[in-house]
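To start, the structure itself, in structure tokens.
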Amino acid sequence: MRFHTRKWVKPEDLNPNGTLFGGRLLQWIDEEAALYSIIQLENKKVVTKFMSDINFVDSAREGDIIEIGIDVVNFGKSSVTLRCEVRNKMTRATIISIERIVMVNLGEDGKPKPHGKTRIEYVKDRLEK
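This is how it looks when you write it as structure tokens:
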């Protein structure tokens, strides 16, 4: 799993229990999944179609630094399926895991559009083309 994004848990991110609000964390995950998919599929028009069971394993508190990791599970015809894990940067404890996030590539008409991708591409791969 590659951890690309870090977030600093601030007072405005907390729930009444003093821990990271699950909705805020899901917002960050959804945004990271979208950004990752946009870069992989080379298209700004990508939407979230599905998230599998969300497993809250641990919590984060004010001042914690968390890392959001995304891996590609599968490339579909017009979609990409991702896996996500969020962990505490300092303790490495898993905070949440989501086994499947399906992101769909859209055309100008807003309908699913084939993307032609079959594997993860890194910047160095694109520079060699």
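Everything in the sequence shown is counted per this note's numbering, starting at 1 for the first residue and increasing by one.
Note that the Cβ used here is the ideal one computed from N, Cα and C, for glycine as well.
This one's a predicted model, so the numbers in the text were calculated from it and none came from an experiment.
Query raised in the report: Excluding five sequence neighbours on each side, which residues of the same chain lie with their C-beta closer than 7 angstroms to the C-beta of Lys113?
Result: If you number the sequence shown from 1, residue 113 lands on position 113. Within the same chain, Cβ atoms closer than 7 angstroms to the Cβ of Lys113 are found at Ser78, Asn105, Leu106 and Gly107, the five residues on either side in sequence being excluded.
Query raised in the report: What are the start and end residues of the alpha helix (DSSP H) that includes Glu31?
Result: For the purposes of this step, residue 31 is taken as the residue at position 31 of the sequence shown. Where Glu31 is concerned, the enclosing alpha helix (DSSP H) stretches over Gly22 to Leu41.
**Report entry** Rounded distance between the beta-carbons of Arg87 and Thr94, thought under 8 angstroms
**Finding:** Your numbering for residue 94 matches position 94 in the sequence shown. Your numbering for residue 87 matches position 87 in the sequence shown. With a Cβ gap of about 5 angstroms, Thr94 and Arg87 count as contacting.
Report task. Can you check DSSP and say which residues form a bridge with Asp71? Result -> Locating residue 71 in the sequence shown gives position 71, counting from the first residue. Arg83, per the DSSP bridge assignment.
Report task. Would you mind working out which of Asn55, Arg2 and Arg24 sits nearest Glu12, comparing C-alpha positions? Result -> On the sequence shown, residue 12 is found 12 positions in, with the first residue counted as 1. Of the listed residues, the one whose Cα sits closest to Glu12 is Arg24.
Requested in this report: With a 10 Å radius around its C-beta and 16 neighbouring C-beta atoms as the bar for buried, classify Tyr122 as buried or exposed.
Outcome: Within the sequence shown, numbered from 1, the residue matching residue 122 stands at position 122. Its Cβ having fewer than 16 others within 10 Å, Tyr122 is exposed.
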